[in-house]
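Numbering (my numbering), first residue to last: 35 to 470.
For glycine and all other residues, C-beta sits at the position ideal for the given N, C-alpha and C.
Quick notes on the structure that follows.
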Ligand SMILES: [Mg+2]
């Protein structure tokens, strides 16, 4: 279609937000069609619900609920262990489908993304309604998931829209209809307005989005400061928050934690858990090409009290053998024999990107180079054959632990997803036909 007529339809209403419905549970249903239409929750390994399908939500089962409570509410509940590998793969597929419509995509979270359709009207040759429904159809047909889509003037308004008809809905909100939407929106449902801001606004009798946008700008600024003021402007239709188009490339810290069941007072086992978390955090560090200068350990007791500490590392590193001994040192300082623990967490701090770091000649010994090479080989094997194919020796002690239902791993771990060539890294290629 001619550019001008389409451009008129798009005008300033070009920010799209897509949000997968009950994402983790939805992926489980997509992977295992026998779960479709049934109340499914994930989080078997934690004993707490991480995500609930809409069928489960309809029965009053929500995220954060203890599993035993959920089973009482809903005896037919299907509980599966989390399969984060599959979730991140599906997440990338979702971004990829979205990128067929526009290259301007912000990967906002594992199951949410923003996109800017401006300048795409001529290319797509579709109305906004068609773009949203084509996107939903593509995700449904190719991935077996439902998503909700909102399109409006700004990120804040688009996010309101995607929530408006959920699950499996779409809402296009043009400038003339914004006041109507804000009238129906409670102040605590607005993205970016936190609890304390809600309380301050409610104190002044502001209960809806409509009442909020009618406030004087000066008063908003005084009451909520810059972040709240920016949100106010976005609701008024001014684009304040830009899309962040670059994937995250620098990190301040990385952590890995795990709750084991049942809680244990066996020091060998608890250290093995800590070593496993340390190795996982280091593998992540290497994957993101960073080095750490600090390591921390936190041990949580059965009664949820805990103890933690940290140590500076002598050199910037991402190598197991240069970090795990310090985890051991921390463990020996923190662990109290006879106490019962439920989880360990290891974090790495003082991070710098591997590139761009000044090479210190004293740091580069032959041994260090060998260790770095070894880590790369181990990561390669674990990528290819599945996490945990090669593990630090301390983790072997985990084998002495008695099996518990929470130790269940996803059934899928034995096989690859459709289109997945090796574990984890290959982005599956589904049919890449253009929607036009
Ligand atoms: Mg979601």
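Closest residue to residue i among the options (Cα-Cα distance)
i: residue 191; options: 346, 217, 61 and 325; result: 217
i: residue 196; options: 225, 424, 174 and 172; result: 225
i: residue 120; options: 165, 64 and 166; result: 64
i: residue 336; options: 200, 318 and 375; result: 375
i: residue 186; options: 227, 273 and 249; result: 273
i: residue 373; options: 386, 324, 327 and 304; result: 304
i: residue 307; options: 290, 319 and 318; result: 290
i: residue 332; options: 352, 416 and 309; result: 309
i: residue 184; options: 202, 172, 176 and 137; result: 202
i: residue 299; options: 371, 257, 233 and 234; result: 371
i: residue 324; options: 358, 302, 293 and 385; result: 385
i: residue 162; options: 207, 140, 200 and 131; result: 207
Own chain partners of residue i with C-beta closer than 8 Å, once the 5 adjacent residues on each side are dropped
i: residue 363; result: 345
i: residue 355; result: 405
i: residue 367; result: 343
i: residue 95; result: 73, 75, 83, 86, 104, 107, 108 and 111
Backbone CA spacing between residue i and residue j [nearest angstrom]
i: residue 479; j: residue 84; result: Lying outside 35 to 470, the shown extent of the chain, residue 479 is not represented and no answer is given.
i: residue 71; j: residue 113; result: 14 Å
i: residue 408; j: residue 431; result: 22 Å
i: residue 269; j: residue 179; result: 30 Å
i: residue 37; j: residue 166; result: Unreliable positioning characterises residue 37 in this predicted model, as indicated by a pLDDT of 45, which lies under 50. A coordinate reading is not provided.
i: residue 151; j: residue 174; result: 21 Å
i: residue 67; j: residue 246; result: 45 Å
i: residue 469; j: residue 319; result: Per-residue confidence for residue 469 stands at a pLDDT of 37, beneath the threshold of 50, marking its modelled position as unreliable; no derived number is given.
i: residue 349; j: residue 388; result: 13 Å
i: residue 56; j: residue 412; result: 35 Å
i: residue 93; j: residue 87; result: 10 Å
i: residue 101; j: residue 436; result: 21 Å
i: residue 259; j: residue 222; result: 17 Å
i: residue 255; j: residue 182; result: 32 Å
Cβ shell of residue i (< 7 Å), same chain only, five flanking positions each side left out
i: residue 98; result: 82 and 83
i: residue 334; result: 340, 375, 376 and 377
i: residue 271; result: 187, 188, 209 and 212
i: residue 459; result: Residue placement at residue 459 cannot be trusted, given a pLDDT of 34 that sits under 50; what the coordinates show is reported in the next sentence. Counting only Cβ-Cβ distances below 7 Å, and skipping sequence neighbours, we find 417.
i: residue 110; result: 73
i: residue 58; result: 76, 84, 85, 116 and 121
With 16 other Cβ atoms within 10 Å as the buried cut-off, status of residue i
i: residue 229; result: exposed
i: residue 135; result: buried
i: residue 243; result: buried
i: residue 286; result: exposed
i: residue 124; result: buried
i: residue 279; result: exposed
i: residue 62; result: buried
i: residue 89; result: buried
i: residue 414; result: exposed
i: residue 466; result: Legend: pLDDT at residue 466 = 32, less than 50; position of this residue unreliable, value from coordinates given subsequently. Counting Cβ neighbours within 10 Å, residue 466 comes out exposed, since fewer than 16 surround it.
i: residue 237; result: exposed
i: residue 438; result: exposed
i: residue 138; result: buried
i: residue 60; result: buried
i: residue 204; result: buried
Cutoff 6 Å; reference residue i; Cβ partners in own chain excluding five residues on either side
i: residue 262; result: 231
i: residue 46; result: 187
i: residue 330; result: 344 and 381
i: residue 105; result: 111
| request: Report yes or no: do three or more beta-carbon pairs, one from the region 211–226 and one from the region 70–77, lie closer than 8 Å? | output: no
| query | Would you say the region 375–385 touches the region 308–328, given that touching needs at least three Cβ pairs under 8 Å? | reply | yes
| said: Does the contact criterion of 3 or more C-beta pairs under 8 Å hold for the region 142–159 versus the region 49–56? | reply: yes
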